[in-house]
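Here the structure comes first, spelled out in structure tokens, and everything after it is commentary.
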Amino acid sequence: MLTLLISGPKQPGNDIDVYLEPLIDDLKSLWVGIRGVYDAHNGEYFTLRAALMWTINDFPAYGNLSGCVVKGYKACPICGDDTPSHRLKNGHKICYIGHRKWLPINHPYRRQRAAFNGKPEYGIPPEPLTGEEVLHMVENGDRVCWKKKSIFFDLEYWKYLPVRHALDVMHIEKNVCDSIIGTLLEIPGKNKDEIAARLDLLNMGVKTDLQPEYGERRTRLPPGPWNLSRAEKREVCNSFYGMKVPEGYSSNIKNLVSLQDSRLLGLKSHDCHTLMQQLLPVAIRSVLEKPARYAITRLCFFFNAICAKTVDVSKLDKLEEDVVVTLCLLEKYFPPSFFDIMVHLVVHLVREVRLCGPVYFRWMYPFERYMKVLKGYVQNRTRPEGCIAEQYIAEEAV
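Going by the UniProt record's numbering, the first residue of the sequence shown is number 1, and it counts up by one from there.
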């Protein structure tokens with residue numbers, strides 16, 4: 001079935017349910033039970049039953065499988081209608097700020113105005129949508145947050161699962177890392193601090209010290225806490241260039257650094273994983289202003305803790321409180337354009353660890369590696385599906 005789902009302009013998209021019908025039929029049979037399965041260890045027959053716990057996919061596929069929207073004002077599938085979103089008029093995009101809702105009701109950040117969106121925060125965090133609520137919404141024609149009724153609801157137990165589609169930490173971590181690196185080093189296409197971002201600050205009436213200053217001949221953008229001088233960018237890149245890690249620990253970071261342009265190029269998912277958790281806090285410790293450096297370092301420590309092989313359940317509440325404060329610190333020191341949907345999804349990661357267990361059971365690293373194996377089967381680029389199918393059958397036959 002994977003050969004039918006090659007991404008591109010002709011990919012199934014929201015019509016993927018057609019290709020999932022055979023899978024759903026098998027899952028229904030497994031839920032009822034298959035009698036007469038032989039247990040070789042005990043030497044007896046038993047009835048085999050199985051259930052699908054959740055799907056593992058990146059965020060665009062999350063929308064295709066679940067039927068929810070993954071962009072716009074209601075892009076968060078967990079918050080639903082209560083997604084904290086704001087449209088930036090000059091940036092022509094939606095930002096997801098307002099994480100003070102997740103703070104304790106008496107936290108001092110809730111009363112601060114100018115450092116955030118110019119208003120005090122009295123709201124409470126939205127309750128995650130349950131499967132029964134989602135099913136009721138799609139059956140009653142809610143087309144704001146939902147585009148279709150997912151075929152997985154044909155499984156009688158699906159609406160009772162607390163987590164039906166897992167958030168992929170691998171892609172979330174990579175996109176957050178790209179945003180941070182792109183903003184710090186001002187990489188074109190990844191920089192979240194541009195003239196439109198500063199004009200949005202002016203339009204919102206916040207962070208007056210960072211708003212554009214208009215002169216007779218030119219407009220000046222005051223340096224923000226995240227801005228680095230040319231020498232500091234060179235110092236950060238030299239730090240990455242000179243780092244050495246044990247063999248097999250990661251790719252050679254040296255090959256990803258362009259000292260001439262002071263950029264990092266061609267970062268893969270595991271490169272971002274290594275940067276966020278170990279290398280980035282070391283590289284920025286002597287160049288950034290303390291507030292921004294502290295916020296970024298806290299975020300790096302969060303990803304390091306959440307991706308651990310063992311999880312101490314008693315510490316999850318503290319970890320959830322810490323990541324909310326971290327996101328509020330980022331809101332305090334970074335422009336609103338920095339907060340795309342990937343940054344917002346970080347606030348929900350601890351909840352999924354509490355419900356589903358360690359992250360490494362649910363991220364996409366093993367599946368991405370397997371995709372590389374399938375791509376290696378392609379001999380005729382005009383017919384990749386046939387090549388993959390033939391090679392796969394040959395492997396099965398051997």
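All C-beta atoms, glycine included, are put in the ideal place defined by N, C-alpha and C.
These numbers were taken from a predicted model, which means no experiment stands behind them.
If we ignore side chains and look at the alpha-carbon of each, how far apart do R35 and D26 end up?
14 Å
Under the three-state DSSP convention, the category G13 falls into
helix
Kindly indicate which three-state DSSP category V257 falls into: helix, strand or coil?
strand
Whose C-alpha, out of L161, A295, E156 and R113, is nearest the C-alpha of L129?
L161
Does the Cβ-Cβ distance between residue 454 and R198 come in under 7 Å?
In the structure as shown, the chain begins at 1 and stops at 398. Residue 454 is therefore absent and cannot be evaluated.
Check for me: the beta strand (DSSP E) holding I34 runs from which residue to which?
I34 to D39
Just verifying my parser: in three-state terms, what is the DSSP assignment at T3?
Bear in mind that a pLDDT of 47 at T3, under 50, signals an unreliable position, so the model cannot answer this.
Check the DSSP bridge columns for Y45 and list the partner residues they point to.
Y38
Using the three-state DSSP reduction, which class does C387 fall into: helix, strand or coil?
helix
Minimum C-alpha distance to A292 - residue among K318, C328 and R362
C328
Per DSSP, E213 is paired with what?
R220
Answer with buried or exposed for G91, where buried requires no fewer than 16 other C-beta atoms within 10 angstroms of its C-beta.
buried
Tell me the DSSP secondary structure of I78 in three-state form.
coil
My guess is that L167 and L345 are in contact by the Cβ rule of under 8 Å, so how many angstroms apart are they, rounded?
6 Å
Determine which residues share a DSSP beta bridge with C95 and list them.
H86
If I measure Cβ to Cβ from V378 and keep anything under 6 Å in the same chain, skipping five residues before and after, which residues do I get?
P384 and C387
With three or more beta-carbon pairs closer than 8 Å as the criterion, would you say the segment 150–157 touches the segment 174–190?
no
Can you name the start and end residues of the alpha helix (DSSP H) that K147 belongs to?
From DSSP, K147 is part of no alpha helix (DSSP H); its letter is neither H nor E.
Continuous alpha helix (DSSP H) stretch holding I341: start and end
I341 to L345
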